[in-house]
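Undergrad:
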Amino acid sequence: MQENQPELTGLTSSEVEARVADGRINHDTDVKTKSTWQIFATHAFTLFNAVNLAMAVVIFLTGQYRNMLFLTIVAANLFIGVFQEVRAKNMVDKLTIMTQKEVTVLRDGAESSIAPSELVIDDLMRLSHGDQVPADCEVVSGNVYCDESLLTGESVPVAKKPGSPLYSGSFIESGSLVARVTKVGKDGFAAKINAEAKYVKAVKSEILATLKAIIRIGTMLLVPLGIGLFVRTYFTEGTTLVEATLSTTSAVLGMIPQGLVLLTSSVLAIATTRLGMKGVLVQQSYCVETLARVDTLCLDKTGTITSGEMEVAHVEPVKGSTEADAVSVFAAIARANVSDANETAKALLAYADANGDGAPIQVSRAVAFSSARKYSGCVTADGRGFVMGAAQFVLGEARMSEADALCEGFDAIERRMVICSCGGFDASDAIQGSPSIIGCVGIRDKVRETAPQTMQYFIEQGVELRVISGDDPRTVSAIAKIAGVPDADRYVDAATLDTPEKLDAAVDAARVFGRVTPQQKRELVDALHRRGRTVAMTGDGVNDVLALREADCSVSMASGSAAARNVSEIVLADNDFSHMPEVVAEGRRSINNLQRSASLFLVKTVFTALLALICIVIPPYPFIPIQMSLISTIVIGVPSFVLALEPNHELVSGNFLANVLSKSLPASASITLFLLLELVLGRLLGHEFAEISTVCMSITIVVGLALIYRISVPLTKLRFALLVAMGAAAAIACTAFRDFFTVAWLPLDVFIATAIFCALAVVTFLILAARFERKAGDSRVLAALVERIESGVEVPRAARPRS
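The working numbering puts the last residue of the sequence shown at 1066; the count rises by one with no breaks.
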């Protein structure tokens, strides 16, 4: 021993300083969440905000400040988006699973404690049971079992001895050791995988893509239409500069659906808040939509289907002995070594506590588990010896058949151990005498109690389940079968998939994949994408990071690696996979209701653009910004918000934009037609601008209320109350607050004509809506229109409807 002592003195202070100066220090080992500034910039510097800010500046210069009311929508949207994402970031940052406690190192011949980030190359560390390895290293002395499941997905502890490598992110399950740091910072095993996941993952949302497309088209149209309308109004109609400016900005603002952007942000923020109250942290709000559309769910076994804990599956006593005898002995051994209890020992103690092990056996000596011996034991107060461990190490190869006979009914996924009595242990803890079998115990990964119900939910919803793990494929298959995964017996060993062709073929043939590398996990997700699938991926380890990044929606457990959490859109804070149906249900409520409410917003966007084009030929443009704000509030904003929060668990189907246009285009056409008639008649009859504006606003509000009625059928008490309230609000705004909204008192003949126009507009809308609804599914015109709008803005893979 003395000749090895110099190796355990560690580095000198000067050696540490030299390595720090060279940059060989354990910095930058993990994926970081976005900074608050990055989050703010993402939400602030958008085309939507730029257009609205430009219009606000123009209106500000006119001095008509009340017409800048639309900025409240822009500000609210910015606040909601930044607030909810920063809130999620802060909550995830607090989930510091990557152990940050100080590590014990040997330096200058003495032990000291330092932060993991202060480790340097060649540092000697002392690690023991429960410690997480902070940097890649090599065992110098000691024998341990190491849990590498977060790195490889393999749940079986790995024996480590002098000369064995230890990887950052793994855990010491039992024993203690001294290890020398071999790699630090970005060179570490976990950090290299993390580095591959640092590319920016685009948000995969059909709603977001639709909003971008509408804003892009609106921005393209507003410049020529705005210029044309301003020139026509100011230079040929003799209006004042202020009037022409307000008229033009009113038309331009109507082309950009501010309210729809705010509604989308609000509904998704409410969804993320609801989920947060249930322990589900949503880091990217639009992923709620994606998960609602998922048709394939890839599950990691460890930490998702299983809880990460072990459980006793079988206890088989030898003939002439009882189960209680076996339980009493393994409980005594586990309690004797409780200070170094690994997951196996915890499972044994839990079983003993639940089933009763009689009077506790008094122990005088404990024999700790060793990865070299592969057994643990104890000596009782009356001198009896007991041992428990792997049969080949306790009994020897010659007596393995005795253990095999006892374990005949055990499942393939169970780790088998023999429980024996013996003559005791010598000074080096070697077994004395010939062990006599008392029984066998089978230990397995604990399947979450809620897993079968959760799997059944997804099966009923038509979601295909795949299990992808780094563990043995037979073990994964057996656990998947217990959890209720369909076709769990169709498994494949990914180690045999050594060509892209084999892997691609396995995607169609298998449902369970074992011994999958991190790169293969990503390739499997890619293969599913090539088949038109919308893929969600769950995982908790560094080995899952690449696949989590590639999936359309990624879900991780809070108890997993920090890297997995930081790259996932959804984090299950309480590590409970049973929340997944709640996430899907919340997504369906949000998206289905948004589709219905969005039709209200696109009515204004479409008829405003068409009206601006018409008014270049037949001025004036009949609205000013404050009137558009009133229309937006009464027939769009409040109704859409109320309807968007109703319960709705229907399957999300079809294209978002197509669904919205099929409801909104009939109303847009009816409003545009009758506004055109009013502009023509008003100009011929010499009506004042205030009268034309009031008539046009009345037609728009009445048709808008008719659309609310149509999308609300069947009427509930809430929907009926909403219609009545919005009608009353419109009446009050046009009478009690008519000066504020620039509403004119109409002469009796104009009032009657307006009522007739409103009635005809509603009838026209209802006829068009009925015909459009019958033919919308087969409408080539609608399909072409959707394709045209979406061209130039990529519709994410997750958003493409299934064929």
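All C-beta atoms, glycine included, are put in the ideal place defined by N, C-alpha and C.
So does A476 have its beta carbon nearer than 6 Å to some heavy atom of the ligand ZN?
TA: Among the ligands in the structure shown, none appear at all, so the ligand ZN cannot be discussed.
Undergrad: Going residue by residue through the region 754-802, where are the continuous beta strand (DSSP E) segments of at least 3 residues, counting only ones entirely within it?
TA: You should have 754-756, 775-777, 798-802.
Undergrad: Can you list the beta strand (DSSP E) stretches of 3 or more residues lying completely in the region 492-567, in chain order?
TA: Entirely contained in the region 492-567, the beta strand (DSSP E) runs reaching 3 residues are, in chain order, 543-545, 559-562.
Undergrad: Whole-angstrom Cβ separation of L274 and R389, contact assumed at under 8 Å?
TA: Actually they do not touch by this definition, with Cβ atoms about 14 Å apart.
Undergrad: In whole angstroms, what is the alpha-carbon distance linking L766 and P420?
TA: Rounded to the nearest angstrom, the two C-alpha atoms are 28 Å apart.
Undergrad: Where does Q858 land, buried or exposed, given buried means 16+ other C-beta within 10 angstroms?
TA: Flag for Q858 reads buried.
Undergrad: State buried or exposed for E954, treating a residue as buried only when at least 16 other CB atoms are found within 10 Å of its CB.
TA: Buried, since its Cβ has 16 or more Cβ neighbours within 10 Å.
Undergrad: Helix, strand or coil: how does DSSP classify C997 here?
TA: Three-state result, C997: helix.
Undergrad: At which residues does the alpha helix (DSSP H) containing F308 begin and terminate?
TA: First-last for F308: undefined, no H or E at that position.
Undergrad: Thinking F632 and C641 are a contact (beta carbons under 8 Å), I'd like their distance in whole angstroms, please.
TA: Not quite, the Cβ-Cβ distance comes to about 11 Å (not below 8 Å), so this is no contact.
Undergrad: Could you check whether E436 and N605 sit closer than 7 Å to each other, using their CB atoms as the reference points?
TA: In this structure, E436 lies closer than 7 Å to N605 by Cβ.
Undergrad: Helix or strand or just coil, what does DSSP make of S817?
TA: Looking at S817 - three-state DSSP - the assignment turns out to be strand.
Undergrad: I'd like to confirm the pairing. Which residues does DSSP put opposite H577 in its beta bridges?
TA: Answer by DSSP bridge pairing, in chain order: G705.
Undergrad: Look at L728 and L560 and say whether their C-beta atoms are less than 7 Å apart.
TA: It is a contact, given that the beta carbons lie within the stated cut-off.
Undergrad: Would you list the one or two residues that DSSP bridges to S404?
TA: S404 is bridged to V441.
Undergrad: Give me the DSSP bridge partner(s) of F649.
TA: In the DSSP output, where bridge partners are listed per residue, F649 has C641, S684.
Undergrad: CA-CA distance, L835 and M843?
TA: Cα to Cα, the separation comes out at about 9 Å.
Undergrad: Drop a sphere of 10 angstroms on the beta-carbon of Y328, count the other beta-carbons inside from all chains shown, and report buried for 16 or more, exposed for fewer.
TA: So Y328 ends up on the exposed side.
Undergrad: Closer than 7 Å by C-beta to V966: which residues in its own chain qualify, once you throw out the five before and the five after it? Chain order, please.
TA: If we look at V966 and ignore the five residues flanking it on each side, its Cβ neighbours are A930, S933, I934, A1024, V1025, F1028.
Undergrad: Between the C-alpha atoms of I899 and L863, what's the straight-line distance to the nearest angstrom?
TA: Taking the straight line joining both Cα atoms gives about 5 Å.
Undergrad: Looking only at C-alpha atoms, which of D735, D285, A772, F721 sits nearest to V748?
TA: Among D735, D285, A772, F721, the Cα nearest to that of V748 is on F721.
Undergrad: Starting from I694, follow its DSSP beta bridges and name the residues at the other end.
TA: Bridge partners of I694: F688.
Undergrad: Mapping DSSP to helix, strand and coil, what is I833?
TA: Strand at I833.
Undergrad: Do you know how far the Cα of P763 is from the Cα of P736?
TA: When rounded, the distance between both Cα atoms is 19 Å.
Undergrad: Starting from R370, trace the beta strand (DSSP E) in both directions and tell me its first and last residue.
TA: Counting along the chain, the beta strand (DSSP E) containing R370 begins and ends at 366-370.
Undergrad: Hey, could you find the ends of the alpha helix (DSSP H) L387 is sitting in?
TA: Counting along the chain, L387 falls outside any alpha helix (DSSP H), though it belongs to the beta strand (DSSP E) covering 387-391.
Undergrad: What do you get for A1062, buried or exposed, if any count of 16 or more other CB atoms within 10 angstroms of its CB means buried?
TA: The pLDDT assigned to A1062 is 40, lower than 50, so where the model puts this residue is not dependable; a value taken from the coordinates is nonetheless given after this. Buried: at least 16 other Cβ atoms inside 10 Å.
Undergrad: Can you find the residues in the same chain that come closer than 7 Å, C-beta to C-beta, to I596, ignoring five residues on each side of it along the sequence?
TA: Around I596: S639, G640, C641, F649, M651.
Undergrad: At the level of alpha carbons, what is the spacing between A442 and A338?
TA: If you take the alpha carbons of A442 and A338, they lie about 55 Å apart.
Undergrad: Short of 6 Å in beta carbon distance, which residues of its chain neighbour L970, apart from the five on each side in sequence? Order them along the chain.
TA: Contacts found: A930.
Undergrad: So, at 7 Å on beta carbons, what are the nonlocal neighbours of E813 in its own chain, with the 5 sequence-adjacent residues on each side left out?
TA: So the qualifying residues of the chain are R785, V788, D789.
Undergrad: Among the residues of its own chain, which have a CB less than 6 Å from the CB of L525, if the five just before and after it don't count?
TA: Only I336, A339, N340 meet the Cβ criterion.
Undergrad: Please report how far the alpha carbon of R598 lies from the alpha carbon of D689, in whole angstroms.
TA: Near 21 Å, if we compare the C-alpha coordinates of D689 and R598.
Undergrad: With a CB to CB cut of under 7 Å and the five nearest residues on each side skipped, what residues in its chain are close to V578?
TA: Result list for V578: E586, A589, V590, G702, V704, in chain order.
Undergrad: Since S375 is in the alpha helix (DSSP H), which residue starts that stretch and which ends it?
TA: Here S375 belongs to no alpha helix (DSSP H); instead the beta strand (DSSP E) covers 373-377.
Undergrad: Below 8 Å, can you find three or more Cβ-Cβ pairs linking the region 849-856 to the region 534-542?
TA: Segments in contact, yes.
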